[in-house]
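Notes for the one structure printed next.
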Amino acid sequence: MDLPTQIEIRLAKLGVRASDVRERFVLGTGPGGQKINKTASTVTLYHRPTGTGVRRQKERSRDANRRLAWEALCEKLEKRLQIVRAKERSEKEKERRRNRPKSARRKKIMVADKRRRGELKSSRSRVQNP
């Protein structure tokens with residue numbers, strides 16, 4: 002598999018090996034007539050570890066479609082990685098906010114609310130005859 006260097010660099014940054022990707026050339030479909038329907042210029046790529054797949058048939062030439070498919074796969078994997086990193090970052094931030102100590106003002110308000118609630122509960126008790 003001879004890939005353009007830009008794509009190889011992008012795959013290396015993502016930690017994806019080209020051998021993990023299944024590349025197939027299939028017959029085209031849709032408008033374009035006999036030439037599209039008879040030639041195997043459509044490229045499908047499937048990255049086994051992530052289950053991500055792309056299919057490209059934009060151009061008439063196999064090489065152009067192959068380049069477009071690899072670029073699309075890189076974009077898809079980059080987007081997926083970006084989403085995973087954003088999730089991890091938000092989880093960390095959520096945990097940090099949860100474990101942050103309460104401010105003095107917040108504690109004061111909380112204690113006042115508890116006192117008020119306690120007074121309300123004690124006022125509901127039965128009245129004792131002296």
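For the sequence shown, the residue numbers in the numbering used here are 2 to 131. Ideal placement from N, C-alpha and C gives every residue a C-beta, glycine not left out. Here the structure is a predicted model, which means the values were calculated and not measured.
Separation of residue j from residue i, as counted between CA atoms
| i | j | result |
| --- | --- | --- |
| Asp114 | Glu79 | 49 Å |
| Arg61 | Lys95 | 50 Å |
| Glu89 | Lys122 | 43 Å |
| Gln35 | Pro5 | 30 Å |
| Ala65 | Gly29 | 14 Å |
| Val17 | Arg68 | 17 Å |
| Arg99 | Arg118 | 25 Å |
Collapsed DSSP secondary structure at residue i in the structure displayed
| i | result |
| --- | --- |
| Thr134 | In the structure as shown, the chain begins at 2 and stops at 131. Residue 134 is therefore absent and cannot be evaluated. |
| Arg61 | coil |
| Arg125 | coil |
| Ser41 | Here the sequence assigns Ala to residue 41, which means Ser is not the residue at that position. Residue state, collapsed to three classes: coil. |
| Val85 | helix |
| Lys80 | helix |
| Arg67 | helix |
| Asn130 | coil |
| Val17 | coil |
Sub-9 Å separation of residue i and residue j beta-carbons
| i | j | result |
| --- | --- | --- |
| Leu74 | Val27 | no |
| Gln7 | Gly31 | no |
| Thr43 | Arg56 | yes |
| Ala70 | Glu9 | no |
| Leu147 | Gly52 | The chain is shown only over 2 to 131; residue 147 falls outside these bounds and no answer can be derived. |
| Leu15 | Leu82 | yes |
Residues bridged to residue i [DSSP beta-bridge criterion]
| i | result |
| --- | --- |
| Gly54 | Tyr47 |
| Glu24 | Leu46 |
The ligand PLP heavy atom lying under 8 Å from the CB of residue i
| i | result |
| --- | --- |
| Ile10 | Although the ligand PLP was asked about, the structure shown includes no ligands whatsoever. |
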